[in-house]
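**Q** Residue numbers (my numbering), protein chains in the order written: chain A, 2 to 318; chain B, 32 to 232.
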Amino acid sequence: MHGLDFPTDENVLVGKGTADDAGVYRVSDELALIQTVDFFTPIVDDPYDFGRVAAANALSDVYAMGGVPKTAMNIVAWPVETMGLEPLKAMLAGGAEKVREAGAVLLGGHSVEDEEPKYGLSVTGYVHPQKIWKNQGLREGDRLILTKGIGTGILNTAIKGGLASQAEVKMVTETMATLNAAAAEVVRAFDVSACTDVTGFGLLGHLGEMVEGKCRVELETAAVPILAGTYDYAAMGLVPVGAHRNRDFRQWMVKGLAGFDPILRDILFDPQTSGGLLFGCRAGDAAEVVARLHDAGLEDSAVIGTVCSDDAGITLC
Amino acid sequence: MASVDARGLTCPAPVLRAREVVEKEAPGSIEVIVDNAAAVENVSRFLGSRGYAVSDTAEGNLFRVLGTLEGEEPLSAVKPVAAKVIEGDAKVLVLIMSDRMGTGDDELGRKLMVSYVKTLNEMGPSLWQLIFVNGGVRLTCKDSPVLEEIKGYEKAGTIVLSCGTCMEFLGLTANKGVGGLTNMLDIVLATENADKVVTFS
Chain A
2 MHGLDFPTDE NVLVGKGTAD DAGVYRVSDE LALIQTVDFF TPIVDDPYDF
52 GRVAAANALS DVYAMGGVPK TAMNIVAWPV ETMGLEPLKA MLAGGAEKVR
102 EAGAVLLGGH SVEDEEPKYG LSVTGYVHPQ KIWKNQGLRE GDRLILTKGI
152 GTGILNTAIK GGLASQAEVK MVTETMATLN AAAAEVVRAF DVSACTDVTG
202 FGLLGHLGEM VEGKCRVELE TAAVPILAGT YDYAAMGLVP VGAHRNRDFR
252 QWMVKGLAGF DPILRDILFD PQTSGGLLFG CRAGDAAEVV ARLHDAGLED
302 SAVIGTVCSD DAGITLC
Chain B
32 MASVDARGLT CPAPVLRARE VVEKEAPGSI EVIVDNAAAV ENVSRFLGSR
82 GYAVSDTAEG NLFRVLGTLE GEEPLSAVKP VAAKVIEGDA KVLVLIMSDR
132 MGTGDDELGR KLMVSYVKTL NEMGPSLWQL IFVNGGVRLT CKDSPVLEEI
182 KGYEKAGTIV LSCGTCMEFL GLTANKGVGG LTNMLDIVLA TENADKVVTF
232 S
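1) Among Phe200/B, Leu40/B, Val209/B and Cys172/B, whose alpha-carbon lies nearest the alpha-carbon of isoleucine 190/B?
2) What are the complete beta strand (DSSP E) segments, minimum 3 residues, inside the segment 58 to 99 of chain A?
3) Identify every run of the beta strand (DSSP E) within the segment 124 to 184 of chain A, keeping only runs that are complete inside it and at least 3 residues long; order them along the chain.
4) Per DSSP, what are the beta-bridge partners of glycine 306/A in this structure?
5) Compare the C-beta of proline 156/B against all C-beta atoms of chain A and say whether one is closer than 7 Å.
6) DSSP three-state label for glutamate 90/B, please.
7) Decide if tryptophan 253/A is buried, meaning its Cβ has at least 16 other Cβ atoms within 10 Å, or exposed.
8) List the residues of chain D that threonine 158/A touches, going by C-beta distances under 7 Å, in chain order.
9) Out of Pro241/A, Gly260/A, Gly285/A and Glu141/A, point me to the one whose CA is closest to proline 272/A's CA.
10) For leucine 145/A, I'd like the list of residues in its chain whose CB is within less than 6 Å of its CB, leaving aside the five on either flank, ordered along the chain.
11) By Cβ distance, which residues of its chain are closer than 6 Å to lysine 324/A, with the 5 residues on each side in sequence left out?
12) Determine the extent of the alpha helix (DSSP H) in which serine 112/A is found, giving its start and end residues.
13) Beta carbon of leucine 78/B, beta carbon of valine 85/B: below 7 Å?
14) Quick one: using the 10 Å Cβ neighbour count with 16 as the cut-off for buried, is threonine 171/B buried or exposed?
15) With DSSP as the reference, label isoleucine 117/B as helix, strand or coil.
16) Please decide whether valine 46/B counts as near chain A, where near means a Cβ-Cβ distance under 7 Å.
17) To the nearest angstrom, how far is the alpha carbon of lysine 173/B from that of leucine 239/A?
18) Could you check where the beta strand (DSSP E) with cysteine 282/A kicks off and where it finishes?
19) Less than 7 Å separating the beta-carbons of serine 275/A and serine 61/A?
20) With 7 Å set as the bound, which would you pick, yes or no: does the beta-carbon of lysine 115/B sit closer than that to a beta-carbon of chain A?
21) Does the segment 42 to 57 of chain A come close enough to the segment 93 to 113 of chain A to have 3 or more Cβ pairs within less than 8 Å?
22) Run through DSSP, which three-state label would serine 29/A get?
23) Assign leucine 47/B to one of three DSSP states: helix, strand, or coil.
24) Is there a Cβ from chain B that is less than 7 Å from the Cβ of histidine 245/A?
25) Could you check which residue in Pro88/A, Ala244/A, Leu89/A and Lys71/A has the C-alpha nearest to that of leucine 107/A?
26) Just the C-alpha distance for lysine 119/A and phenylalanine 51/A, rounded to the nearest angstrom, thanks.
27) According to the neighbour-count rule (16 or more other Cβ atoms, all chains shown, within 10 Å of its Cβ), is alanine 244/A buried or exposed?
28) Is there a Cβ from chain B that is less than 7 Å from the Cβ of leucine 269/A?
29) In the DSSP assignment, what are the bridge partners of isoleucine 162/B?
30) As a quick exercise: from Gly82/B, Tyr83/B, Ala70/B and Arg169/B, pick the residue whose alpha carbon is nearest that of arginine 95/B.
31) Are the beta-carbon atoms belonging to glycine 277/A and lysine 171/A less than 7 Å from one another?
32) So, under 8 Å CB-CB, valine 15/A and valine 28/A are touching, yes? Tell me the CB distance rounded to an integer number of Å.
33) Which residues does DSSP pair with isoleucine 268/A in a beta bridge?
34) For glycine 206/A, which residues from the same chain have a beta carbon less than 6 Å from its beta carbon, with the 5 sequence-adjacent residues on both sides left out?
35) Please report how far the alpha carbon of alanine 178/A lies from the alpha carbon of methionine 144/B, in whole angstroms.
36) For tyrosine 167/A, decide whether its Cβ has a neighbour in chain B, counting only Cβ atoms nearer than 7 Å.
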């Protein structure tokens, strides 16, 4: 999108300028529409699970903007001749289950014939124009909280290599298929300064977007929730190409890398699929937010850092 | 020196190819050719984790990663790094070497084995692989009294394999009703990679 010029008007509340998760357009003083789209190639073998994961991933951006999903449409690319209709039906059933769980409705969709299957959704959500959560806006003194463990990129690489156990496959699938609805519900009750969801750029990549030259975050690396098995697979070199790319793109912003454990570094840059919410809240609220997230079933939620204003960038502690 | 050409292979193939060679041959030195920087890092880290001293050189748009074993200890004496699993669920391999359990009475033995295979269900997701050799391959044939149960395990994610040589010897290859075929090398590797091996004859 770099260098392309698009028309805009004064109702665009969030557009492509601020690297946000979705676009937001004001309809009235009380209502703005969130619009987002996401799709990808199979992450897991089971078509039903892939449908669930792809849908959860697409819906996540709406929650990350502080809104609720309302309607969705399927985007499907499918090799009908070679794969047939049964797995396609299972995939769409998985996607429909997640849309239903999100309280939204599927209005239809579009499909094309393709050698390689792809699936996702375009989603419309509602949000109050005054209550949009943007990626930027962290305040000095805020604590940073993450609601899901990281490591899906590395674990999926191990799965692809046939090295993971059944239990690990199940664990990764479930964490990717979990909607950010419950997390958003908890967080909504508090004073949140900025929020995003952790996906393809990895924890450090998305944190970099939140920081973008405006503040400094001290990341307590020992407190970052990491999915079981991730460290050992990363230690074996099962690190996806995306993690290297994320590092190349963002490491200029990160201090404390010299002498830092390279395995942990790769995990912090590991591209996530359908990751958790990453947000800033008031220091005094942090403990209660985490307690409520745990009560809501998001057991990996943790405070992972503090926002400072003395410099810009991310310091690994 | 062992050489692996991993050009054109996408992640995680370069690491897996290197791992295959390291585990089968335990070479004193190994060279892996890759075509991207990410693969250099991944392969270097893998070889380092197996005790190799690693260096790499670039040649045009290719990279050579070189691993040399330091010290006297041969790699085969080093236990392979087992993939870490979630607490509680170990990778169990069950090796069934007959279609009956125990000696004394064959009729009873066959009934016991049927019961055992059915009760394997209790292992849940820990049941990583079910391998059948010698008379055990009768249990994966179309007329097996536990065909549906084994199909169920396969559907739930357990790898089901029968020894190809055994099936051929017993003239049963055309009768196989579930799972794939395997060979002695893969059986040895699988028993090495499992957290626990259970055998029955």
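C-beta: ideal position from N, C-alpha, C; glycine also.
**A** The structure says:
1) If you number the second sequence from 1, residue 190/B lands on position 159. Checked all of Phe200/B, Leu40/B, Val209/B and Cys172/B; the closest Cα to isoleucine 190/B is Val209/B.
2) 69 to 79
3) 144 to 147
4) Start at 1 with the first residue of the first sequence, and residue 306/A comes out as number 305. As computed with DSSP, glycine 306/A is found in a beta bridge with Leu145/A and Leu220/A.
5) For this step, residue 156/B is matched to residue 125 along the second sequence. Yes, because at least one Cβ of chain A sits closer than 7 Å to the Cβ of proline 156/B.
6) The sequence position of residue 90/B within the second sequence is 59, counting from 1. Residue state, collapsed to three classes: strand.
7) Position 252 of the first sequence, counted from the start, is the residue given in the question as residue 253/A. Exposed, because fewer than 16 other Cβ atoms sit within 10 Å of the Cβ of tryptophan 253/A.
8) Going by chain labels, chain D is absent from the structure shown, which instead holds the protein chains A and B.
9) Stepping through the first sequence from its first residue, residue 272/A is reached at position 271. Nearest C-alpha to proline 272/A: Pro241/A.
10) Mapped onto the first sequence, residue 145/A falls at position 144. Excluding sequence neighbours, leucine 145/A sits near Gly281, Ile305 and Gly306.
11) For chain A, the structure presents residues 2 to 318; residue 324/A sits outside this window and is missing.
12) Taking the first residue of the first sequence as position 1, residue 112/A is located at position 111. The continuous stretches of alpha helix (DSSP H) do not include serine 112/A, which lies in the beta strand (DSSP E) extending over residues 106 to 114.
13) In the second sequence, residue 78/B corresponds to position 47, counting from 1. In the second sequence, residue 85/B corresponds to position 54, counting from 1. Yes, they are a contact pair.
14) By one-based count along the second sequence, residue 171/B stands at place 140. Buried, because 16 or more other Cβ atoms sit within 10 Å of the Cβ of threonine 171/B.
15) As a position in the second sequence, residue 117/B is number 86, starting the count at 1. Reliability fails at isoleucine 117/B, whose pLDDT of 36 lies under 50, so the model's placement of it is uncertain and no value is given.
16) Numbered from 1 along the second sequence, position 15 holds the residue referred to as residue 46/B. Chain A contact via Cβ: present.
17) Position 142 of the second sequence, counting from 1, holds the residue named residue 173/B. Position 238 of the first sequence, counting from 1, holds the residue named residue 239/A. Taking the Cα positions, lysine 173/B is about 40 Å away from leucine 239/A.
18) Counted from its first residue, the first sequence places residue 282/A at position 281. Here the beta strand (DSSP E) through cysteine 282/A covers 278 to 282.
19) For the purposes of this step, residue 275/A is taken as residue 274 along the first sequence, with counting starting at 1. For the purposes of this step, residue 61/A is taken as residue 60 along the first sequence, with counting starting at 1. Cβ distance < 7 Å, so serine 275/A and serine 61/A count as in contact.
20) Within the second sequence, residue 115/B is the residue found at index 84, counting from 1. With a pLDDT of only 35 at lysine 115/B, under the threshold of 50, the placement of this residue in the model should not be trusted, and no figure is reported.
21) Because the criterion of three Cβ pairs below 8 Å is met, the segment 42 to 57 of chain A and the segment 93 to 113 of chain A touch.
22) Your numbering for residue 29/A matches position 28 in the first sequence. It is coil, neither helix nor strand.
23) In the second sequence, counting from the first residue as 1, residue 47/B sits at position 16. The answer is helix: DSSP assigns leucine 47/B an H, G or I state.
24) For the purposes of this step, residue 245/A is taken as residue 244 along the first sequence, with counting starting at 1. By this cut-off, histidine 245/A is an interface position.
25) Residue 107/A sits at position 106 when you count from the first residue of the first sequence. Among Pro88/A, Ala244/A, Leu89/A and Lys71/A, the Cα nearest to that of leucine 107/A is on Lys71/A.
26) Along the first sequence, read from residue 1 onward, the residue named residue 119/A stands at position 118. Along the first sequence, read from residue 1 onward, the residue named residue 51/A stands at position 50. Distance between the alpha carbons of lysine 119/A and phenylalanine 51/A is about 10 Å.
27) Here residue 244/A refers to the residue found at position 243 of the first sequence. Buried, by the Cβ-count rule.
28) Residue numbering aside, residue 269/A sits at position 268 when the first sequence is read from its first letter. No, leucine 269/A lies away from the interface with chain B (no Cβ there is under 7 Å from its Cβ).
29) As a working note, residue 162/B is residue 131 in the second sequence. Paired residue(s): Leu126/B and Leu192/B.
30) By one-based count along the second sequence, residue 95/B stands at place 64. Of the listed residues, the one whose Cα sits closest to arginine 95/B is Ala70/B.
31) Along the first sequence, one-based indexing puts residue 277/A at 276. Along the first sequence, one-based indexing puts residue 171/A at 170. No, these two residues do not count as a Cβ contact at 7 Å.
32) Along the first sequence, read from residue 1 onward, the residue named residue 15/A stands at position 14. Along the first sequence, read from residue 1 onward, the residue named residue 28/A stands at position 27. So it is not a contact: roughly 14 Å between Cβ atoms.
33) For this step, residue 268/A is matched to residue 267 along the first sequence. Isoleucine 268/A is not bridged to any residue.
34) As a working note, residue 206/A is residue 205 in the first sequence. The residues are Asn247 and Arg251.
35) Here residue 178/A is taken as the residue at index 177 of the first sequence, counted from 1. Here residue 144/B is taken as the residue at index 113 of the second sequence, counted from 1. Roughly 39 Å between the two C-alpha positions.
36) Start at 1 with the first residue of the first sequence, and residue 167/A comes out as number 166. In the sequence as presented, tyrosine is not what sits at residue 167/A; that position holds glutamine. For glutamine 167/A, the answer is yes, since a Cβ of chain B falls inside 7 Å of its Cβ.
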